[in-house]
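**Q**
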Amino acid sequence: MLLDLNFEISEDLKLILSSLNELLESRWSTKKLRAVMEGNKDYIEEIWKEIIKLDILPYLSTLSLRDNVIINEVIGRKLLPGIVVSSIVASRGIKNKDILNRVYAGEIRIAISDSNLVPSADEADYIIIGNRLIKRSNCTIRTFNSLDSSMKISKVDNIGNHEDIEVNNAEIALSLASQMVGSGEEVVSMSIKYSKERVAFGKPIGSYQAIKHRVVNDAIDVELARSLILEAAENIKYAWIAKDLANKKIPKAILSGIQVHGGIGFTDDLDIHLHLRRALTLSKLYNSKVNISEFLQPI
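Per the working numbering, residue 3 is the first one in the sequence shown, and the count goes up by one each step.
As structure tokens, then:
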């Protein structure tokens with residue numbers, strides 16, 4: 003997060019964030035994510051087992067929605083594999099206790115979507131589309147080459163037996179928006195660091211107004227999205243507006259971060275493109291149309 007929120011989060015949440023950060027710093031990296039994108043699934047199993055051992059998933063089900071979105075920011079910054087991301091988000095959004103207990107135990111992993119185009123369905127044991135819980139063996143899956151190959155998009159068809167379960171789609175949308183904000187925060191941090199280190203014409207490029215203003219504008223866009231997400235965590239009716247704002251602001255901020263890095267920003271050497279791929283993929287999920295009339299008040 004760009005702003006220090008230690009003054010406004012509980013001691014319990016600080017401990018959870020500290021444990022999660024310690025785990026992800028020591029056991030996960032974008033180097034491993036790149037290996038996953040090239041087909042190495044062992045790293046998915048390793049980090050999934052570590053997440054289960056940390057017992058973070060039951061916490062997400064019981065914490066306030068506000069604390070949940072803050073935790074999802076951290077997860078977004080670290081770019082976990084797609085099936086792990088979707089299972090974490092599902093652990094908050096679905097309300098079926100039997101399924102949740104199996105997720106908590108690490109027995110099953112879940113892919114989620116609001117349409118039959120489902121990221122990570124090829125790696126899931128169960129698939130949730132809307133409020134339908136579908137066992138993978140009870141449908142056909144056709145997987146496509148995707149922008150983010152760590153969470154490839156699959157088309158799910160010929161759905162047979164399934165169970166209708168209670169799903170809070172607004173909370174899922176908010177969790178996804180929070181992960182997008184995490185990516186935006188990470189890229190802005192990378193831009194700030196690079197603009198201090200990269201020297202051109204005898205001065206750090208961050209001292210030039212063109213770069214300075216771009217980075218500040220990007221930081222403002224990310225914080226605007228984040229502020230609305232935190233507001234929506236207190237008043238869920240704003241969830242779809244928050245997701246819509248994240249969809250618009252975060253990819254734009256990441257693209258701007260690529261430009262701050264100049265020519266190297268367009269290469270595979272940096273991790274920025276990984277955040278762009280993830281943010282664009284998440285931006286295509288859970289995009290309910292906002293009925294603006296419910297926010298209008300008579301004069």
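The C-beta atom is built at its ideal place from N, Cα and C for all residues, glycine as well.
Compute the distance between the beta-carbons of Arg200 and Ile207, then report whether it is under 7 Å.
**A** Going by C-beta atoms, Arg200 is nearer than 7 Å to Ile207.
**Q** Can you tell me whether DSSP reads Leu5 as helix, strand or coil?
**A** The predicted model places Leu5 with a pLDDT of 49, which falls under 50 and marks its position as unreliable; any figure quoted below should be read in that light. In the structure shown, Leu5 sits in coil (DSSP, three-state: anything other than H, G, I, E or B).
**Q** Indicate whether His277 and Ile260 have their beta-carbon atoms separated by less than 7 Å.
**A** Their beta carbons are not under 7 Å apart, which means His277 does not touch Ile260 by this criterion.
**Q** Is Ala227 near Lys245, with beta carbons less than 7 Å apart?
**A** Not closer than 7 Å, so no.
**Q** Are there three or more Cβ pairs, one per stretch, closer than 8 Å when the segment 100-110 is compared with the segment 173-185?
**A** The segment 100-110, when compared against the segment 173-185, does not touch it at the 8 Å Cβ threshold.
**Q** Can you tell me whether DSSP reads Glu165 as helix, strand or coil?
**A** It is a strand residue.
**Q** Please return the same chain residues whose Cβ sits closer than 6 Å to the Cβ of Ser290, not counting the five positions on each side in sequence.
**A** So the qualifying residues of the chain are Trp242.
**Q** Is the distance from the Cβ of Ile167 to the Cβ of Asn133 below 7 Å?
**A** Contact: yes.
**Q** Taking C-alpha atoms, which residue in Glu225, Ser185, His164, Gln181 lies nearest to Asp273?
**A** Selected option, being the one with the closest Cα: Ser185.
**Q** Exposed or buried, which one is Val218 when buried takes at least 16 other CB atoms within 10 Å?
**A** Answer is exposed; the Cβ neighbour count stays below 16.
**Q** Residues in its own chain within less than 6 Å of Leu5 by CB, not counting five upstream and five downstream?
**A** With a pLDDT of only 49 at Leu5, under the threshold of 50, the placement of this residue in the model should not be trusted, and no figure is reported.
**Q** Using the three-state DSSP reduction, which class does Thr269 fall into: helix, strand or coil?
**A** In the structure shown, Thr269 sits in coil (DSSP, three-state: anything other than H, G, I, E or B).
**Q** Buried or exposed: Pro121, going by 16 or more other Cβ atoms within 10 Å of its Cβ?
**A** With 16 or more Cβ atoms within 10 Å of its Cβ, Pro121 is classed as buried.
**Q** Return the CA-CA distance between Met153 and Gly84, expressed in angstroms with no decimal places.
**A** Taking the straight line from one Cα to the other gives about 4 Å.
**Q** Under the rule that 16 or more other beta-carbon atoms within 10 Å means buried, what is Lys16, buried or exposed?
**A** Looking at its Cβ environment, which holds fewer than 16 other Cβ atoms inside 10 Å, Lys16 is exposed.
**Q** Can you give, in chain order, each stretch of the alpha helix (DSSP H) that sits fully within the segment 169-209 and has at least 4 residues?
**A** The qualifying runs are 171-199.
**Q** Just the C-alpha distance for Glu27 and Leu56, rounded to the nearest angstrom, thanks.
**A** Whole-angstrom Cα-Cα distance: 14 Å.
**Q** Which residues bound the beta strand (DSSP E) around Ile129?
**A** Here the beta strand (DSSP E) through Ile129 covers 128-131.
**Q** Looking only at C-alpha atoms, which of Glu165, Val189, Val86 sits nearest to Ile136?
**A** The residue with the shortest Cα to Cα distance from Ile136 is Glu165.
**Q** Figure out for me which residue from Phe203, Leu284, Glu10, Asp124 has the closest Cα to the Cα of Val183.
**A** For the residues Phe203, Leu284, Glu10, Asp124, the minimum Cα distance to Val183 belongs to Leu284.
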